[in-house]
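Undergrad:
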């Protein structure tokens, strides 16, 4: 080997170096550059030995998304599944980024699949305790700018509904989610638990001096006259499209109105508490199959001077409540006071202003 190298150098010397020294200078410079570069590389490796040249030989593998275990973990809670549709439902959403990548442009679309109830409004609930930075609502869409790896967010929403018809009392819904990760758009669907909606009771309270058929029900002067008694009939009525238990409707009589004891019942029972001056109508069960539920009772009004030139009150503080069998929720409400304006009396409506006896 040494002889071959010596022979090569002698041959190169006779061919190049003997003719011109410049070839020798070029070779010496190149050899020096190689030695210097080798020394620098060894020094760099000694300073940071974990550097490896191996990865430079091939591109880094592209990270893939496992759709069986998507990056965004979305779950929810509903405060209660039995609701009053007028009040809406409280929906708590929890979002967590289970991946090592940033999730961006997150969009959650809330959808009602019920033909009987549509969405009317989506807003942040007063129950919201955490920051809403980077979160906004547009229509029925919730937008979140980004979700960093390993982080989570919680959002409390108030979902309001519009009643379209009485065909169903169940609200079904879903959330369609969409977000971006590693340049890809991921779409998923999350079904929501069914909501059960309490039904309504249509309750009426009206007074008559003359029946809708034209029969005189009341007695005494009409319009009413001070110090003179006039009798009227008051009717409570309830109609429903669902089954209810323990229906109770009540009203109080002013001091110048007395219960005569005369009553007409189509269902339930009617009682009068003289101490509280309260009329109480009770029906054990109210069902749409049984038609209208009605109770009538007679009262006597003796107007005072304070009633002159006004409609005198016959029954006030009218309330009702009943338990919806389907949801177990209590449905209740209040009605305006009944007076001598007799709004539903087609013959005498608006004519019941109290007159002063001294001016007749």
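In my numbering, the protein residues as written are 137 to 496.
Just so it is clear, CB atoms sit at the ideal spot from N, CA and C, and this is done for glycine as well.
Here the structure is a predicted model, which means the values were calculated and not measured.
Do the segment 485 to 494 and the segment 353 to 368 meet, that is, are 3 or more Cβ pairs less than 8 Å apart?
TA: In short, these stretches touch, since the Cβ pair count reaches three.
Undergrad: Going along the chain, which residues of its own chain have a beta-carbon closer than 6 Å to the beta-carbon of residue 483, five neighbours each way excluded?
TA: As a working note, residue 483 is residue 347 in the chain shown. The residues are 346.
Undergrad: At what residues does the beta strand (DSSP E) containing residue 423 begin and finish?
TA: To locate residue 423, count along the chain shown from 1; it is residue 287. Segment: none, residue 423 is in no beta strand (DSSP E) and carries neither H nor E.
Undergrad: Would you mind sorting residue 467 into buried or exposed? The rule is 16 or more other CB atoms within 10 Å of its CB.
TA: The sequence position of residue 467 within the chain shown is 331, counting from 1. Residue 467 comes out buried.
Undergrad: Between which residues of its own chain and residue 392 is the CB-CB distance below 6 Å, once the five residues before and five after are set aside?
TA: As a first step, residue 392 must be located in the chain shown, where it is residue number 256. Once the five neighbours on either side are set aside, the close Cβ partners of residue 392 are 438, 440.
Undergrad: Helix, strand or coil for residue 170? Go by DSSP, reduced to three states.
TA: Locating residue 170 in the chain shown gives position 34, where the first residue counts as 1. Helix.
Undergrad: Quick one: measure Cβ to Cβ for residue 289 and residue 278, integer angstroms, because I've assumed they're closer than 8 Å.
TA: Within the chain shown, residue 289 is the residue found at index 153, counting from 1. Within the chain shown, residue 278 is the residue found at index 142, counting from 1. Their Cβ separation, rounded to whole angstroms, is 10 Å, which puts residue 289 and residue 278 out of contact at 8 Å.
Undergrad: Measure how close the beta-carbons of residue 374 and residue 333 come, nearest whole angstrom, since I'm counting them as under 8 Å.
TA: For the purposes of this step, residue 374 is taken as residue 238 along the chain shown, with counting starting at 1. For the purposes of this step, residue 333 is taken as residue 197 along the chain shown, with counting starting at 1. With a Cβ gap of about 19 Å, residue 374 and residue 333 do not count as contacting.
Undergrad: Skipping 5 residues on each side, what residues in its chain have a beta carbon closer than 7 Å to that of residue 300?
TA: Along the chain shown, one-based indexing puts residue 300 at 164. The answer, listed in chain order, is 251, 252, 253, 254.
Undergrad: Within 10 Å of its beta-carbon, does residue 419 have 16 or more other beta-carbons around it, so buried, or fewer, so exposed?
TA: For the purposes of this step, residue 419 is taken as the residue at position 283 of the chain shown. So residue 419 counts as buried.
Undergrad: Name, in chain order, the residues that DSSP records as bridge partners for residue 295.
TA: Translated into the one-based positions of the chain shown, residue 295 becomes position 159. DSSP lists 225, 258 as partners of residue 295.
Undergrad: Would you identify the three-state DSSP class for residue 452, choosing helix, strand or coil?
TA: For this step, residue 452 is matched to residue 316 along the chain shown. Note: residue 452 maps to strand in three-state DSSP.
Undergrad: Grab me the residues of residue 212's own chain with a C-beta within less than 8 Å of its C-beta, minus the 5 sequence neighbours each way, in chain order.
TA: The count along the chain shown starts at 1 and reaches residue 212 at position 76. Excluding sequence neighbours, residue 212 sits near 227, 228, 229, 230, 311, 326, 328.
Undergrad: Tell whether a beta-carbon distance below 8 Å holds between residue 235 and residue 285.
TA: What you label residue 235 is simply residue 99 of the chain shown in a count that begins at 1. What you label residue 285 is simply residue 149 of the chain shown in a count that begins at 1. Taking 8 Å as the Cβ cut-off, residue 235 and residue 285 qualify as a contacting pair.
Undergrad: Please confirm whether residue 422 and residue 463 have their CB atoms less than 8 Å apart.
TA: Residue numbering aside, residue 422 sits at position 286 when the chain shown is read from its first letter. Residue numbering aside, residue 463 sits at position 327 when the chain shown is read from its first letter. Their beta carbons are not under 8 Å apart, which means residue 422 does not touch residue 463 by this criterion.
Undergrad: Could you tell me whether the Cβ atoms of residue 384 and residue 457 are closer together than 8 Å?
TA: Here residue 384 corresponds to residue number 248 of the chain shown, with the count starting at 1. Here residue 457 corresponds to residue number 321 of the chain shown, with the count starting at 1. Yes, Cβ-Cβ distance for residue 384 and residue 457 is below 8 Å.
Undergrad: For residue 381, which of 432, 409, 461, 445 has the nearest alpha-carbon?
TA: In the chain shown, residue 381 corresponds to position 245, counting from 1. It is 461.
Undergrad: For residue 416, which of helix, strand or coil comes out of DSSP?
TA: The residue you call residue 416 lines up with position 280 of the chain shown. Note: residue 416 maps to strand in three-state DSSP.
Undergrad: Buried or exposed: which applies to residue 445, given that a residue is buried once 16 or more other Cβ atoms fall within 10 Å of its Cβ?
TA: For the purposes of this step, residue 445 is taken as the residue at position 309 of the chain shown. By the 10 Å Cβ count, residue 445 comes out exposed.
Undergrad: In angstroms with no decimal places, state the Cα-to-Cα distance between residue 302 and residue 314.
TA: Translated into the one-based positions of the chain shown, residue 302 becomes position 166. Translated into the one-based positions of the chain shown, residue 314 becomes position 178. Their backbone Cα atoms lie some 33 Å apart in a straight line.
Undergrad: Have a look at the DSSP bridge pairing and note the partners of residue 430.
TA: Residue numbering aside, residue 430 sits at position 294 when the chain shown is read from its first letter. Its beta-bridge partners are 373.
Undergrad: Give me whichever residues DSSP pairs with residue 239 in a beta bridge.
TA: Here residue 239 is taken as the residue at index 103 of the chain shown, counted from 1. In DSSP, residue 239 forms a bridge with 283.
Undergrad: Spatial neighbours of residue 263 within its chain, please: CB distance less than 7 Å, with the 5 preceding and 5 following residues excluded, ordered by chain position.
TA: By one-based count along the chain shown, residue 263 stands at place 127. These residues qualify, in order along the chain: 226, 292.
Undergrad: Any idea what DSSP makes of residue 164, helix, strand or coil?
TA: Locating residue 164 in the chain shown gives position 28, counting from the first residue. If DSSP states are grouped into helix, strand and coil, residue 164 belongs with the helices.
Undergrad: Hey, residue 434 and residue 407: beta-carbon distance below 8 Å or not?
TA: Mapped onto the chain shown, residue 434 falls at position 298. Mapped onto the chain shown, residue 407 falls at position 271. No, Cβ-Cβ distance for residue 434 and residue 407 is not below 8 Å.
Undergrad: Helix, strand or coil: which one does DSSP assign to residue 379?
TA: Here residue 379 is taken as the residue at index 243 of the chain shown, counted from 1. Note: residue 379 maps to coil in three-state DSSP.
Undergrad: Grab me the residues of residue 238's own chain with a C-beta within less than 8 Å of its C-beta, minus the 5 sequence neighbours each way, in chain order.
TA: On the chain shown, residue 238 is found 102 positions in, with the first residue counted as 1. Excluding residues within five positions, the ones whose Cβ falls inside 8 Å are 282, 283, 284, 285, 317.
Undergrad: Note down, in chain order, each residue of its chain lying with its Cβ closer than 7 Å to the Cβ of residue 453, except the 5 sequence neighbours on either side.
TA: Residue mapping note: residue 453 aligns to position 317 of the chain shown, counting from 1. Contacts found: 387, 388.
Undergrad: Relative to the alpha-carbon of residue 256, which residue among 265, 297, 304 has its alpha-carbon at the smallest distance?
TA: In the chain shown, counting from the first residue as 1, residue 256 sits at position 120. If we check each option's Cα against that of residue 256, 297 comes out closest.
Undergrad: Find the nearest neighbour of residue 431 within the set 258, 401, 390, 268, judged by alpha-carbon distance.
TA: Within the chain shown, numbered from 1, the residue matching residue 431 stands at position 295. The shortest C-alpha separation from residue 431 is found at 401.
Undergrad: In terms of alpha-carbon separation, which member of 248, 243, 416 lies closest to residue 324?
TA: By one-based count along the chain shown, residue 324 stands at place 188. Minimum Cα distance to residue 324 is reached at 243.
Undergrad: Classify residue 309: buried if its beta carbon has 16 or more other beta carbons within 10 angstroms, exposed otherwise.
TA: Locating residue 309 in the chain shown gives position 173, where the first residue counts as 1. The residue in question, residue 309, is buried, as its Cβ has 16 or more Cβ neighbours within 10 Å.
Undergrad: Cutting at 6 Å between CB atoms, please list the residues of its own chain near residue 465, excluding the five before and the five after it.
TA: Position 329 of the chain shown, counting from 1, holds the residue named residue 465. Correct list, in chain order: 218, 334.
Undergrad: Please classify residue 192: is it buried, with 16 or more other beta-carbons within 10 angstroms of its beta-carbon, or exposed?
TA: Here the question's residue 192 lines up with position 56 in the chain shown. Interpretation of residue 192 is limited by its pLDDT of 47, a score under 50 that renders its predicted location unreliable; no figure is taken from the coordinates.
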